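See structure below.
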Amino acid sequence: MAAATIRLGKISSINYTAGKARVVYEDRDDSVTSELPFLALQYNIPKVDDLVVVACFSNGTVSGVILGPVYNSANTPHEGGAGIFRQEMSNNVNEAVMSYSEKKQTMILRAPKIELEGYGYEDKPYVTLEQINDAFSDIDDNKTGISNLQDDTAKTKGKPSLQSQLDALEKRVKALGG
Numbered sequence: 238m239a240a241a242t243i244r245l246g247k248i249s250s251i252n253y254t255a256g257k258a259r260v261v262y263e264d265r266d267d268s269v270t271s272e273l274p275f276l277a278l279q280y281n282i283p284k285v286d287d288l289v290v291v292a293c294f295s296n297g298t299v300s301g302v303i304l305g306p307v308y309n310s311a312n313t314p315h316e317g318g319a320g321i322f323r324q325e326m327s328n329n330v331n332e333a334v335m336s337y338s339e340k341k342q343t344m345i346l347r348a349p350k351i352e353l354e355g356y357g358y359e360d361k362p363y364v365t366l367e368q369i370n371d372a373f374s375d376i377d378d379n380k381t382g383i384s385n386l387q388d389d390t391a392k393t394k395g396k397p398s399l400q401s402q403l404d405a406l407e408k409r410v411k412a413l414g415g
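Residue numbers (our numbering): 238 to 415.
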């Protein structure tokens, strides 16, 4: 089997439905590949003009597989460091992010709107984080739930246990028609 050639190029056009793109090689008189697939197990297509690494097949530089984008002066990490794992899910920095810090042992999920759907619960509505926040706000505002739970506060240093909070939230969601 002939060896593949590794090349750097820029995304010139994208077929989002097929998960493929064309790559232009500026150092090869702007030659453009046919549509190449991305080597990926998740859908995260680079933008037009992003610098990418391509493994070209032995039949030339017009066919191969796009291995992915590379960091460069136009594309730098938005957050970095040892023990930081981050995935941007939008072309707008910090708009939709999943991030984990080993040091802080904290997972951050950030987006303008987050919906949680349970597998196997098709007949029940999903719950948004906004609804959960609203339910907690209503409970605290009405002094009927979480802030007034006293049944197990001794075990949790004056704070209601997670189970008590969840029970109160469940009651409030049901009362709201959920």
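The C-beta atom is built at its ideal place from N, Cα and C for all residues, glycine as well. These numbers were taken from a predicted model, which means no experiment stands behind them.
Cut-off 6 Å between Cβ atoms - residues of its own chain near residue i, not counting five sequence neighbours on either side
i: tyrosine 280; result: none
i: alanine 391; result: Any answer about alanine 391 is weak, because its pLDDT of 45 lies below 50 and its placement is not dependable; what the coordinates show is given next. Within the same chain, alanine 391 has no close Cβ partners at all.
i: phenylalanine 322; result: Tyr337
i: methionine 335; result: Gln324, Leu346
i: alanine 372; result: Leu406, Arg409, Val410
i: histidine 315; result: Val330
i: phenylalanine 275; result: Gly256, Ile303
Limits of the beta strand (DSSP E) - the one that residue i falls within
i: tyrosine 337; result: 334-338
i: valine 289; result: 288-293
i: valine 302; result: 301-306
i: glutamate 316; result: Taken as a continuous stretch (DSSP letters only), glutamate 316 belongs to no beta strand (DSSP E), as it is neither H nor E.
i: glutamine 324; result: 321-325
i: isoleucine 419; result: Nothing can be reported for residue 419, as the shown portion of the chain is limited to 238 through 415.
Best match in the options for proximity to residue i [C-alpha to C-alpha]
i: aspartate 286; options: Ile251, Asn329, Ala255, His315; result: Ile251
i: isoleucine 331; options: Gly320, Leu346, Lys341, Gln342; result: In the sequence on display, residue 331 carries asparagine and not isoleucine. Comparing Cα-Cα distances from asparagine 331 to each of Gly320, Leu346, Lys341, Gln342, the minimum goes to Leu346.
i: tyrosine 253; options: Val261, Asp264, Lys284, Ser271; result: Lys284
i: cysteine 293; options: Thr242, Ile351, Leu403; result: Thr242
i: serine 310; options: Gly320, Leu288, Ser271; result: Leu288
i: lysine 341; options: Gln368, Glu325, Ala319, Ser249; result: Ala319
i: proline 306; options: Met344, Asn296, Ile282, Asn329; result: Ile282
i: aspartate 264; options: Lys247, Pro314, Ser271, Leu403; result: Lys247
i: proline 349; options: Thr343, Asn329, Glu339; result: Asn329
i: glutamate 339; options: Leu353, Gly317, Ile351; result: Gly317
Beta carbon proximity, residue i to chain C, threshold 7 Å
i: methionine 326; result: Reference to chain C is not applicable here, since this structure consists of a single protein chain.
Contact set for residue i: own chain, Cβ-Cβ below 8 Å, skip 5 residues either direction
i: isoleucine 273; result: In the sequence on display, residue 273 carries leucine and not isoleucine. Only Lys257, Ala258, Arg259, Val260, Val291, Ser300, Gly301, Val302, Ile303 meet the Cβ criterion.
i: tyrosine 308; result: Pro314
i: alanine 277; result: Gly256, Gly305
7 Å Cβ shell around residue i - same chain, five flanking residues per side excluded
i: serine 327; result: Ala333
i: leucine 245; result: Leu288, Val290
i: aspartate 266; result: none
i: methionine 344; result: Tyr337
Integer Cβ distance of residue i from residue j, believed to fall under 8 Å
i: serine 268; j: tyrosine 262; result: 5 Å
Could you give the uninterrupted runs of the beta strand (DSSP E) lying entirely in the stretch 250-284, keeping only those of 3 residues or more? Listed in chain order, the complete beta strand (DSSP E) runs (minimum 3 residues) inside the stretch 250-284 are 257-262.
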